[in-house]
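In order, the protein sequences belong to chains A and B.
Numbering-wise (our numbering), the first sequence opens with residue 241 and increments by one.
Numbering-wise (our numbering), the second sequence opens with residue 582 and increments by one.
Beta carbons are placed, not taken as given, at the ideal position from N, Cα and C, and that holds for glycine.
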Amino acid sequence: MRHQFLLGLFLNLALFLNLALAANGAHAGATLDAVRAKGFVQCGVNQGLPGFSNADNKGVWRGLDVDVCRAVAAALFGDAAKVKYTPLSAKERLTALQSGEIDMLSRNTTWTLTRDAALGLNFAGVVYYDGQGFLVRKGMVKSARELDGAAVCVHTGTTSELNMADYFRKHDMKYTPVVFEKADEALHAYAAGRCDVVTTDRSQLYAQRIKLKDPEQHVVLGDVISKEPLAPVVRHGDDEWFDIVKWSLFAMINAEEMNISSDNVDTIKAKTEDPGVRRLLGLEGDKGKDLGLDNDWAYRIIKQVGNYSEIFERNLGSGSPLKMERGINALWNQGGILYAPPVR
Amino acid sequence: MNWLRNNLFNSPLNSLLTLASLGLLWLLLPPLVGWALVDADFHGSSRADCGSGGACWVFVINRLDQFLYGLYPLEQRWRVNCVLLAPLLFIVLARSRRAGRIRNWAAAIGLFIVVATWLLHGGWGLPVVETTRWGGLMLTLVVAAVGMACSLPLGILLALGRQSELPVVRAVCVAFIEFWRGVPLITVLFMASVMLPLFLPEGVSFDKLLRALIGVTLFESAYMAEVVRGGLQAIPRGQYEAAAAIGLGYWRRMGLVVLPQALRLVIPGIVNTFIALFKDTTLVLIIGLFDLLGMVQAAIADPAWLGYSVEGYVFAAAVFWLFCFGMSRYSQALEARLDQTTHERN
Numbered sequence: 241m242r243h244q245f246l247l248g249l250f251l252n253l254a255l256f257l258n259l260a261l262a263a264n265g266a267h268a269g270a271t272l273d274a275v276r277a278k279g280f281v282q283c284g285v286n287q288g289l290p291g292f293s294n295a296d297n298k299g300v301w302r303g304l305d306v307d308v309c310r311a312v313a314a315a316l317f318g319d320a321a322k323v324k325y326t327p328l329s330a331k332e333r334l335t336a337l338q339s340g341e342i343d344m345l346s347r348n349t350t351w352t353l354t355r356d357a358a359l360g361l362n363f364a365g366v367v368y369y370d371g372q373g374f375l376v377r378k379g380m381v382k383s384a385r386e387l388d389g390a391a392v393c394v395h396t397g398t399t400s401e402l403n404m405a406d407y408f409r410k411h412d413m414k415y416t417p418v419v420f421e422k423a424d425e426a427l428h429a430y431a432a433g434r435c436d437v438v439t440t441d442r443s444q445l446y447a448q449r450i451k452l453k454d455p456e457q458h459v460v461l462g463d464v465i466s467k468e469p470l471a472p473v474v475r476h477g478d479d480e481w482f483d484i485v486k487w488s489l490f491a492m493i494n495a496e497e498m499n500i501s502s503d504n505v506d507t508i509k510a511k512t513e514d515p516g517v518r519r520l521l522g523l524e525g526d527k528g529k530d531l532g533l534d535n536d537w538a539y540r541i542i543k544q545v546g547n548y549s550e551i552f553e554r555n556l557g558s559g560s561p562l563k564m565e566r567g568i569n570a571l572w573n574q575g576g577i578l579y580a581p582p583v584r
Numbered sequence: 582m583n584w585l586r587n588n589l590f591n592s593p594l595n596s597l598l599t600l601a602s603l604g605l606l607w608l609l610l611p612p613l614v615g616w617a618l619v620d621a622d623f624h625g626s627s628r629a630d631c632g633s634g635g636a637c638w639v640f641v642i643n644r645l646d647q648f649l650y651g652l653y654p655l656e657q658r659w660r661v662n663c664v665l666l667a668p669l670l671f672i673v674l675a676r677s678r679r680a681g682r683i684r685n686w687a688a689a690i691g692l693f694i695v696v697a698t699w700l701l702h703g704g705w706g707l708p709v710v711e712t713t714r715w716g717g718l719m720l721t722l723v724v725a726a727v728g729m730a731c732s733l734p735l736g737i738l739l740a741l742g743r744q745s746e747l748p749v750v751r752a753v754c755v756a757f758i759e760f761w762r763g764v765p766l767i768t769v770l771f772m773a774s775v776m777l778p779l780f781l782p783e784g785v786s787f788d789k790l791l792r793a794l795i796g797v798t799l800f801e802s803a804y805m806a807e808v809v810r811g812g813l814q815a816i817p818r819g820q821y822e823a824a825a826a827i828g829l830g831y832w833r834r835m836g837l838v839v840l841p842q843a844l845r846l847v848i849p850g851i852v853n854t855f856i857a858l859f860k861d862t863t864l865v866l867i868i869g870l871f872d873l874l875g876m877v878q879a880a881i882a883d884p885a886w887l888g889y890s891v892e893g894y895v896f897a898a899a900v901f902w903l904f905c906f907g908m909s910r911y912s913q914a915l916e917a918r919l920d921q922t923t924h925e926r927n
């Protein structure tokens, strides 16, 4: 417990220093220039989060967050492989970005006002709309409102801890927090019966459930107690770089909306008459040049990385062991809330 | 039979305890062996090959390369293997006639550090492998070896400094030792990983592994200093005075008379600190470095292998046990050998 306290103290100090740095660290174009000069994107990712960021048995990084890094590299350098990954723990991720150790952070990071405004960061669009939920043993409760008095396993240093406190206070319920450094430890404590509930983002709860001995005996409750829009992050001070990261993501979402995938992008490019598609693929207008890239930027993203549906299904959905549903992460015209501004 | 009666059943209480232990083993062993060996799966390439209900060693075998080398590029791994061969050279050196000279040892270790750094990191003709790609057992060994090799000399200097007659030297050493002993290692690592970059000007960044190595070394040297000081205090005053009486200067007095006796006394303490350091290396995973344990944790988060964390952790524990037990046995052998030579001389 003393460790926890000391860590907390250091982190507060770190956040304070961030403010001081954010005030004087701004000169335009610095990040983009540095990235171009060194020829690769240094991308901060999770050390290991199923479906979002993971080194496979060949040491190749894979996942939804990883594909965002690759999309930026494809747009900027024409080669999705020009990324170097820095695996980061939850606590050090924001300072790594602040101090310039990485160029962008794509590490299941929730977009909040404090992080956006006070910490000197910019969030570049939402990759995945997540929300905090509860994993319980089947038949224990039907709704999170019945969890009064429960022991809750949670891992520290994330917004999950704060959201849970808010939720229980708002509904005037008591709970005992059991805090862990890693999500896995929280799950094992739950499996061993040290707590009644595990709480974290629902995306992770599905992955956690597979790890339990008998996944069928556990359910993710329907309640979603928080909004967790996960977004790539860049630091203040380079708007051109911010734009490129943001539009690399938007290009993938727009491509899904226009039914352009890595398989059919060549045929579509050869014969399309649709003005929206022609603008995205750089056949009309100078959209890429406006971003400081060439007009083939979006074509390269789609060709090398894929559209949003492809990266989702490959990493989280039907093409992965997680078998996650699109849910609210479906496109806005298909029942979800995923929406990218138009390329025009 | 006689042995049994004398050692296990020599009183009613001991007989009871023996039976209870046997009962406990009977309860624990069969399920354990069943899980780890009988029902376990060894062959295959995916989780589909792990249906028998026992341990899924397929996962560990599949990821073994990664557990050993981390994300080090496949075609460059011979470089790591070369560095691992180096201890053989030291054994050759130890058996040669020049082994007695401290200067030879220092030169050999210095040369090894330069060559190993060049091989592992690259440059001068070899492709550079960033330290973010180092990992697995290799990283654990790098952190432990650097920590041990640097903290021992530093610790000896600090221990001598703490006993120095010069007040400034003494005060600095006491302050250093008490500061580093007063903070948890995890805080030191956090400081090195999270805080240090904020103090540096923008664009200047130290390698994260280097920062961790410096933190670990400083931390361990404070502990080492106290272990060595215990040995220094156990040497009778007469030895110091006798050494001074034959006209030796400070460094030769310490180097030739006091330290050889003091260090021999504290071998168990030094090895204890080394073993603790070896296990503490796992803390680097909290600053995003993939040591052996970190690599195991990353592998069990692979969607293709979700749910086989126990196998991964058992493997990591076994490797750590092997190394720590090895160190412990080596120190016992060393003590026995040194004891023997002492008696021969006496």
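| query | result |
| --- | --- |
| Limits of the unbroken alpha helix (DSSP H) element including H702 (chain B) | 683–702 |
| Contact test: F855 (chain B) Cβ vs the ligand GDP heavy atom, cutoff 6 Å | Summarising the ligand content, the structure contains no ligands, and the ligand GDP is consequently not present. |
| C-alpha distance - G279 (chain A) paired with L770 (chain B), whole-angstrom precision | 30 Å |
| 7 Å Cβ cutoff, T713 (chain B) in contact with chain A | yes |
| Selected residue, minimal CA-CA separation from L700 (chain B), among B:R684, B:I683, B:V723 | B:V723 |
| Proximity of D861 (chain B) and L766 (chain B) at Cβ, strictly below 7 Å | yes |
| Completely contained alpha helix (DSSP H) runs for the region 748–806 of chain B, where each covers 4 or more residues | 748–763, 766–771, 777–780 |
| Contacting residues, own chain, Cβ-Cβ under 7 Å from T350 (chain A) (five flanking each side not counted) | T399, E468, P469, L470 |
| Classification of G373 (chain A) by the beta-carbon crowding that lies within 10 angstroms, buried from 16 upward | buried |
| Cβ separation of G869 (chain B) and G811 (chain B), assumed to be a contact under 8 Å, to the nearest whole Å | Not a contact, Cβ separation roughly 36 Å. |
| Local conformation of W715 (chain B) per DSSP, three classes | coil |
| Assigned secondary structure, A899 (chain B) (DSSP; H/G/I helix, E/B strand, else coil) | helix |
| Contiguous alpha helix (DSSP H) assignments of at least 4 residues, all confined to the region 381–433 of chain A | 399–410, 423–431 |
| Where the beta strand (DSSP E) through Q372 (chain A) begins and ends | 372–377 |
| Under 7 Å by beta carbon: chain A residues contacting Q647 (chain B) | N297, G299 |
| Beta bridge counterpart(s) of F363 (chain A) as assigned by DSSP | A:V473 |
| Exposure label - V285 (chain A); buried when at least 16 CB within 10 Å | buried |
| Straight-line gap, C435 (chain A) to F420 (chain A) (C-alpha atoms, nearest Å) | 12 Å |
| In DSSP terms, what S293 (chain A) is bridged to | A:L289 |
| Chain-ordered chain B contacts of S329 (chain A) [CB-CB under 7 Å] | I867, I868, G869 |
| Top-ranked residue by Cα proximity to I795 (chain B), from B:L603, B:R743, B:L919, B:L735 | B:L735 |
| Reference C631 (chain B); option with closest CA among B:W902, B:S677, B:Y889 | B:Y889 |
| Reduced DSSP category for Q744 (chain B) - H, G, I as helix; E, B as strand; rest coil | coil |
| Opening and closing residue of the beta strand (DSSP E) in which T326 (chain A) lies | 323–328 |
| Beta carbon proximity, I450 (chain A) to chain B, threshold 7 Å | yes |
| Span separating the alpha-carbon of K451 (chain A) from that of I493 (chain A) | 31 Å |
| Reduced DSSP category for Y650 (chain B) - H, G, I as helix; E, B as strand; rest coil | helix |
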